[in-house]
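Participant: full-length UniProt numbering applies: residue 1 is where the sequence shown begins, and numbers increase by one.
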Amino acid sequence: MDIELIDEQTEEEDEKLPFAKAEVIRLMKQHLDDDKMIRERVKVEMNKFLGDVLENVCRELNKYPYSTVEYEMLKESTYPYTNITRINEEKERILKHLEAIKADCDALSMDVKSTLKINDRPDQEEDEDDLF
Numbered sequence: 001m002d003i004e005l006i007d008e009q010t011e012e013e014d015e016k017l018p019f020a021k022a023e024v025i026r027l028m029k030q031h032l033d034d035d036k037m038i039r040e041r042v043k044v045e046m047n048k049f050l051g052d053v054l055e056n057v058c059r060e061l062n063k064y065p066y067s068t069v070e071y072e073m074l075k076e077s078t079y080p081y082t083n084i085t086r087i088n089e090e091k092e093r094i095l096k097h098l099e100a101i102k103a104d105c106d107a108l109s110m111d112v113k114s115t116l117k118i119n120d121r122p123d124q125e126e127d128e129d130d131l132f
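(1) Within 10 angstroms of the Cβ of Ser109, are there 16 or more other Cβ atoms? Answer buried if so, exposed if not.
(2) Using 8 Å as the Cβ pair cut-off and three pairs as the minimum, do the segment 26-41 and the segment 57-68 touch?
(3) DSSP on Phe49, reduced to helix/strand/coil?
(4) Would DSSP call Arg86 helix, strand or coil?
(5) Using a Cβ-Cβ cutoff of less than 6 Å, which residues in the same chain neighbour Lys43 once the five nearest sequence positions on both sides are dropped?
(6) May I ask you to report which of helix, strand or coil DSSP gives Thr68?
(7) So, with DSSP's three-state summary, where would you put Asp33?
(8) Is it true that the segment 95-105 meets the segment 72-85, where meeting means three or more beta-carbon pairs spaced less than 8 Å apart?
(9) Give the DSSP-derived three-state secondary structure of Arg59 in the structure shown.
(10) What's the C-alpha gap between Val69 and Arg59?
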């Protein structure tokens, strides 16, 4: 009886998945090393993830005012997924540049503090009166 319950739960999960489970598994096995085994939860979550990606791309496509989806629109909508390597490289480049700017600011700050000593004493007004 427990086996029947598990089978029913698995069938219910399969019905909720956006893609055919066997096709997703086949594609995963095609791209994974031969010695890899895929746990059931990974198979299900990959299927859901792919469904989420499809949903997000369609949401982007819906932002266009046209009634026909063109290839260029699809390319723009899938850009974050197809160019993730380039996006991450650009992010790293920007972060390095910001670190260099921060280092320059720190160096300038130290120069200002060492060469332009500011008198922070509370009796500053009295010192100004002594000059005249």
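Heads up, the beta-carbon is just placed ideally off N, CA and C, and yes, glycines get one too.
Model, not experiment: these values are computed from the prediction.
Facilitator: Taking the geometry as given:
(1) That one is exposed.
(2) Remark: fewer than three beta-carbon pairs, one from each stretch, lie closer than 8 Å, so the segment 26-41 and the segment 57-68 are not flagged as touching.
(3) Correct three-state label for Phe49: helix.
(4) DSSP places Arg86 in the helix class (H, G or I) of the three-state scheme.
(5) The answer, listed in chain order, is Ile25.
(6) Assigned with DSSP and collapsed to three states, Thr68 falls in coil, not helix or strand.
(7) In the structure shown, Asp33 sits in coil (DSSP, three-state: anything other than H, G, I, E or B).
(8) No, because fewer than three Cβ pairs between the segment 95-105 and the segment 72-85 fall closer than 8 Å, the two stretches do not touch.
(9) The three-state secondary structure of Arg59, taken from DSSP, is helix.
(10) Val69 and Arg59: Cα-Cα distance of roughly 12 Å.
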